[in-house]
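Notes follow the structure.
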Amino acid sequence: MKPIQTESTPQIDFLPKRHRRDREAMRRSTSCRSVLAFFVIGIAATTVVLIQTPQRLAAEQERLDPMLEKSRFLQAERSRIDTVLQELQSRAAVVDELTDSPSRTFLFWAIAGAAPEQLSLSKLSIASKQSTTRRPDPSATETAVAQDPFAKDVARLRAGKSSGSTTITIEGTATDDAAVAEFLANLEELQIFSQVALLFTDRQALRDQTGRRFGARLVVRRRLEPSEVDRISESPDVASPPDSEVLQ
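Counting in our numbering, the sequence shown runs from 52 upward without gaps.
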């Protein structure tokens with residue numbers, strides 16, 4: 052069976068026209084009140100958030116303040132440690148410059164390695180000469196170094212370093228003047244002597260031929276770089292150094 056279809060009858064508003072207007076006005080008023088209520092609730096929520104935000108910020112600031120203070124302390128300590136490290140490195144460099152000098156064994160080794168085959172050494176002596184110049188009055192620098200023991204030690208080292216020099220005297224024989232000149236040139240190329248000077252040369256009978264007897268003076272540089280020591284030590288022409296300071 053087919054369902055019975057009934058037509059919907061239109062609703063008829065039997066209220067008077069004035070009442071219908073009042074009803075519509077009431078509906079509009081209710082809608083406006085709802086919108087106003089939502090608006091008031093939004094304003095209240097925003098106000099609560101704005102009131103609580105400074106409190107939250109203050110609490111977060113209180114939590115972060117110790118961390119920031121610790122970070123600033125660590126940065127200050129790191130800066131202080133870097134400054135101390137730089138000062139210690141600078142002091143170590145000064146002490147190294149004032150105390151480092153080539154050993155006598157190394158000097159003999161380098162000299163023996165510079166001698167050509169046509170030349171032989173008969174005498175080699177080394178001496179440290181102290182300067183005869185008057186030293187400055189200690190009272191002039193006493194005030195400057197009174198508060199710094201390191202400055203006092205540096206002044207003492209510098210005074211000892213600048214008050215003398217190391218001189219090596221060499222005597223030997225060679226087949227000719229060319230061998231002597233080659234020997235002196237080799238010594239200058241070593242760059243460990245501030246002065247290489249020929250003292251004398253004279254003829255001398257060497258077995259069945261005539262040779263040259265010579266003497267030279269070498270002044271050692273006050274400081275020898277480690278790279279120069281390595282360069283000279285690795286040279287294949289360097290012979291073993293003499294065991295004594297004076298070879299007769």
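Glycine included, every Cβ here is placed at the ideal spot set by N, Cα and C.
For a minimum of 3 consecutive residues, which ranges assigned as the beta strand (DSSP E) are wholly contained in the segment 106-184? 170-181
Euclidean distance between Cα positions of aspartate 227 and glutamate 168: Aspartate 227 and glutamate 168 have their C-alpha atoms roughly 12 Å apart.
Thinking leucine 175 and isoleucine 243 are a contact (beta carbons under 8 Å), I'd like their distance in whole angstroms, please. Not confirmed; about 15 Å, so no contact.
CB-CB length for arginine 264 against threonine 224, believed under 8 Å: 5 Å
Per-residue DSSP class, three states only, for isoleucine 92: The answer is helix: DSSP assigns isoleucine 92 an H, G or I state.
Please report the straight-line C-alpha distance between cysteine 83 and isoleucine 94, rounded to a whole angstrom. 16 Å
Is glutamine 255 closer than 8 Å to glycine 262 when the C-beta atoms are compared? yes
Output needed for leucine 250: all residues of its chain with C-beta closer than 7 Å, excluding positions within five of it in sequence on either side, in chain order. Gly266, Ala267, Arg268
Should alanine 110 be labelled buried (16 or more other beta-carbon atoms within 10 Å of its own) or exposed? Flag for alanine 110 reads exposed.
Between the alpha carbons of threonine 156 and serine 130, how many angstroms are there, rounded? 44 Å
On the premise that alanine 230 lies in contact with leucine 170, defined as a C-beta separation below 8 Å, what is that separation, rounded to the nearest angstrom? 5 Å
Are leucine 158 and valine 270 touching if we call contact CB-CB under 8 Å? no
Is it buried or exposed for isoleucine 132, if we count other Cβ within 10 angstroms and need 16 for buried? exposed
Please state the DSSP three-state secondary structure of threonine 81. helix
Using CA coordinates, which residue listed in Leu87, Ala163, Leu139 is at the minimum distance from isoleucine 219? Ala163
As assigned by DSSP and simplified to three states, the class of isoleucine 102: helix
From valine 247 to phenylalanine 234, what does the alpha carbon distance come to, in whole angstroms? Phenylalanine 234 has its alpha-carbon roughly 10 Å from the corresponding atom of valine 247.
With a 10 Å radius around its C-beta and 16 neighbouring C-beta atoms as the bar for buried, classify leucine 238 as buried or exposed. buried
Please classify alanine 178 as buried or exposed, where buried requires at least 16 neighbouring CB atoms within 10 angstroms. exposed
Quick one: using the 10 Å Cβ neighbour count with 16 as the cut-off for buried, is alanine 166 buried or exposed? Buried: at least 16 other Cβ atoms inside 10 Å.
Buried or exposed, going by whether 16 or more other CB atoms sit within 10 Å of the CB of leucine 119? exposed
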